[in-house]
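The structure appears below as structure tokens.
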Amino acid sequence: MKNKIRVRFAPSPTGYLHVGGARTALFNWLFARGQEGVFVLRIEDTDLARSSEEATRVILSALKFLGLDWDEGPEKGGPFGPYFQSERLEIYKQYAQKLKDKGRAYECFCTPEELAASRKEQSKRGEPTRYDHRCLHLSSEEKEAFRAEGRRPALRFKAEEEGETEVRDLIRGKVVFDSRQVDDFVIYKSDGTPTYNFAVVVDDALMEISHVIRGEDHLSNTPKQIQLYKALGFEVPLFAHIPMILGPDKALLSKRHGATSVLQFSEEGYLPQAMINYLALLGWGYDDSQTIFSIPELVQKFTLERVSRNPAVFDLQKLEWMNGVYIRELSSDQLYRAALPFWQKAGFLAEEVAAEEREYAIKVLKELQSRIRLLKDLIPHAYYFFRDDYEYDQAAVEKILGGPQAEAILNYIYEALSALPKLDEEHVRPLFKAGQKKFGVKMGGLIQPLRVALTGTRVSPGIYEVLELLGRERVKNRIKRTLELLQERK
RNA sequence: GCCCCCAUCGUCUAGGGGCCUAGGACAUCGCCCUCUCACGGCGAAGGCACCGGUUCGAAUCCGGUUGGGGGUGCCA
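So, in structure tokens, the structure goes:
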């Protein structure tokens, strides 16, 4: 069981799961699934003030929405638990003590103000900002004096004084840092909780993580962590730092660029397959021609070697396009199930849907399927299929129904339709043909006024489909209502 | 300030010395299909940041410049 591939996703529950985190989770998941490895989920909630259970729940449900299932972690357990850092505090304490015993950690009584002043000085002199070792050789008397002042010490790691620290990165190759860049950083805060850099090393080592796949923002901190691994006698894992995701302005993607929460995308009607496919393509590519990948295909084809090194701009338009692709791939039953919550929310369908209504809904969906990119588009696009109280688009009324013949045309269609045995293309088409001659217009000259009358808009599925779906009663009522509207306008 | 990473069409990318007069996808524009809108089909425009090397030959290798991103916290 040694040398088994184990990866982890370790979010801190301080908010929702954003697309950057989702992409990191995805790459870990793909790597694990493709290598028969284990995907661990660990919650990094050491910052009690900012972490919440609610955020944890939201993150879990976002991962579930995407279909990124974990082998060990919350709700699952596993042999390397607990998987919440807040439940591992005793463990960190032990390893901190170990460092102290080895002389690789020491108490520091400096105040934040003192540290800031020192950094400012160093920066002014053009030197790297690092801890000045002020508390490295404190005598017990000096420590007592500080304690008497009421100062609580933090614990600092005694970093290496010289040499180089190498990060072996599967995506970037060997990255070398001058060890002097690594200062004596804090591993335990004065409030008695471990810092990120310390807890992450202890956890990754104890959980036997073989590959640390995470955002590039962690690359610069990696030498610190490697020094910790070595000081603690742990084996150093392999790293893979994946590029950041940026907004259109090339700044780090954040809320101010719009929706970045996975669950929010779900609420707007993005499909998980589309999210996965799009996210996979942000920072990873396969060959020169393929952009649509099924999830099994991604699992099979994903490799860290093909992850790109440069940051990627999040392109919402491409995601939307891709969502449209996946919507068009859905079977009518799948599409119905996806649409149901949206139409129920809009009041188009009841909680319990009768068989007949379901059948009607599926027919409407069939017409709308190629016309939408997000499930939420289904609400405005389907309004007139479910409700009679649609509004008329003013521009459409002006332009299409404003002509001198509009009333006559609608009257003609009203009469002609009433006489037809069935409102399908076969029966209706000849009627339009005749109308063309009668009014000296093209097909559109008849169809557009009818469309506006029936839907209130200039955009809809084909007119024959609309007629058939609405049925004779509704069609007649709507034409009549439109004619009344035209009367009023005079 | 110091350190690290990165650099191919507007965007995501293919490319890893000659197969490149640089390929694909989204977006844009045009044409076709057509009752509108989509879908679909066809086509166009658009890029190797710059400067030096190395080489018979550089998008590809090396160095520098510039630009972007990240880190530098008792946040993660």
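Quick note: to get my numbering, add 1 to the position in the first sequence (first position is 1). A virtual CB, placed ideally from N, CA and C, is assigned to each residue, including glycine.
Item, Value
"Assigned secondary structure, L378 (DSSP; H/G/I helix, E/B strand, else coil)", "According to the sequence as given, residue 378 is Asp; it is not Leu. Three-state result, D378: helix."
"Nearest neighbour of D334, chosen from L171, R359, V201, K302 [CA to CA]", "R359"
"Segment contact, 8 Å Cβ cut-off, at least three pairs: the stretch 74-85 with the stretch 25-45", "yes"
"Pick from H258, F240, A241, G404 that is closest to L247, judged by C-alpha positions", "H258"
"Beta-carbon proximity list for H382, same chain, < 7 Å, skipping 5 on both sides", "L369, R372, I373"
"Proximity to T456 [Cα-Cα], best of K438, F387, L421", "F387"
"For L171, three-class secondary structure by DSSP", "coil"
"Nearest-angstrom Cα separation, counted from V202 out to E236", "10 Å"
"contact_flag[the stretch 46-62, the stretch 148-168] where n(CB pairs < 8 Å) is 3 or more", "no"
"Anticipated Cβ contact below 8 Å, Y413 with K439, distance rounded", "7 Å"
"Secondary structure, alpha helix (DSSP H): runs of 4+ residues fully inside the stretch 231-274", "263-268"
"P450 beta carbon less than 9 Å from that of L486", "no"
"Bridge-paired residues (DSSP) for C136", "C136 pairs with nothing; no bridge assigned."
"Proximal residues to S52 (C-beta, below 7 Å), its chain only, five neighbours per side dropped", "S13, P14, T15, D46"
"Whole-angstrom distance between E217 and Q301, CA atom to CA atom", "24 Å"
"Nearest neighbour of Q36, chosen from V176, G325, L299, E353 [CA to CA]", "L299"
"Every unbroken alpha helix (DSSP H) within the stretch 80-150, with a cutoff of 4 residues, ordered by chain", "90-102, 113-125, 141-150"
"DSSP state of K5 mapped onto helix, strand, coil", "coil"
"Extent of the continuous alpha helix (DSSP H) run through F349", "No alpha helix (DSSP H) holds F349; DSSP gives it neither H nor E."
"Reduced DSSP category for G16 - H, G, I as helix; E, B as strand; rest coil", "coil"
"Residues near G270 by beta carbon distance below 6 Å, same chain, minus five either side", "L375, L376, K377"
"Secondary structure of D394, DSSP reduced to three states", "coil"
"Whole-angstrom C-beta distance between P238 and D205, which should lie under 8 Å", "6 Å"
"Delimiting residues of the alpha helix (DSSP H) encompassing V202", "197-207"
"Identified DSSP bridge partners for T166", "F178"
"Contacting residues, own chain, Cβ-Cβ under 7 Å from R135 (five flanking each side not counted)", "C111"
"CA-to-CA distance, K94 to T261, given in whole angstroms", "36 Å"
"Three-state class that DSSP yields for G78 in the structure shown", "strand"
"DSSP-derived helix/strand/coil call for R475", "helix"
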